[in-house]
Amino acid sequence: MKQIFIIDWSLIPVFLLTSSTGISLHLAGHIGNHELWRNWALAHIIASLLLTILITIHIKMHWGWYKSWFRNGLGRKSRVTAILSILFFITSITGFALLWVYGSNSILGLWHYRIGLFTIVLFGGHIIKRFRILRRS
349 MKQIFIIDWS LIPVFLLTSS TGISLHLAGH IGNHELWRNW ALAHIIASLL
399 LTILITIHIK MHWGWYKSWF RNGLGRKSRV TAILSILFFI TSITGFALLW
449 VYGSNSILGL WHYRIGLFTI VLFGGHIIKR FRILRRS
């Protein structure tokens with residue numbers, strides 16, 4: 349199996365883990381149990397770091413697509429992929445910024461959560477659109 353497909357297949361469970369821990373973290377903030385919230389936060393940070401590493405490798409493997417996007421504009425390229433790339437970048441930046449914010453339910457955390465939910469939807473569509481190619485690998 350080609351290395352690109354190993355990375356692509358690895359992204360799916362890590363994405364699901366990151367998404368589920370993020371949603372659980374948000375829900376734990378509503379419960380008010382700080383220890384539970386802290387445990388979900390740690391799980392989400394670990395899953396998110398792994399996801400960030402895999403997506404960085406994924407982007408590097410598809411760098412030609414990005415270079416032509418920057419050079420020639422989107423043209424016929426997938427707008428969903430472009431929006432997903434931008435949203436992932438914003439979600440990552442707000443997530444890293446949250447490492448220096450103490451406590452649950454901060455304004456930045458709520459924005460990170462909202463952008464993250466939209467990113468989940470787009471990432472799901474990105475996977476579904478390419479699943480046939482992945483399955484053949």
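According to our numbering, the sequence shown is numbered sequentially starting from 349.
Glycine included, every Cβ here is placed at the ideal spot set by N, Cα and C.
Computed from a predicted model, the values in this text were never measured in an experiment.
>> Could you tell me which whole alpha helix (DSSP H) segments of length 4 or greater appear in the region 397-467?
In response: 411-420 and 427-446
> Does the pairing of the region 399-412 with the region 353-362 give three or more beta-carbon distances under 8 Å?
Replying inline: yes
> Would T400 pass as a contact of S433 if the rule is Cβ separation under 8 Å?
Replying inline: no
> Any idea if L468 is buried or exposed, counting beta-carbon neighbours within 10 angstroms, 16 or more meaning buried?
Replying inline: For clarity, residue 468 is Ile in the given sequence; the question names Leu instead. Classification of I468: buried, given that the 10 Å Cβ count is 16 or more.
>> Using the Cβ count rule (16 or more neighbours within 10 Å means buried), how would you classify R448?
In response: Checking the sequence shown, residue 448 turns out to be Trp, not Arg. By the neighbour-count rule (16 or more Cβ atoms within 10 Å), W448 is not buried but exposed.
> What are the boundary residues of the alpha helix (DSSP H) that includes G377?
Replying inline: Q351 to I379
> If you draw a straight line from the C-alpha of W459 to the C-alpha of L482, how long is it?
Replying inline: 32 Å
>> So, does the region 381-396 touch the region 470-477, judging by three or more C-beta pairs under 8 Å?
In response: no
> Skipping 5 residues on each side, what residues in its chain have a beta carbon closer than 8 Å to that of S368?
Replying inline: none
>> Going by C-alpha to C-alpha distance, which of L456, A445, I463 and K415 sits closest to L435?
In response: I463
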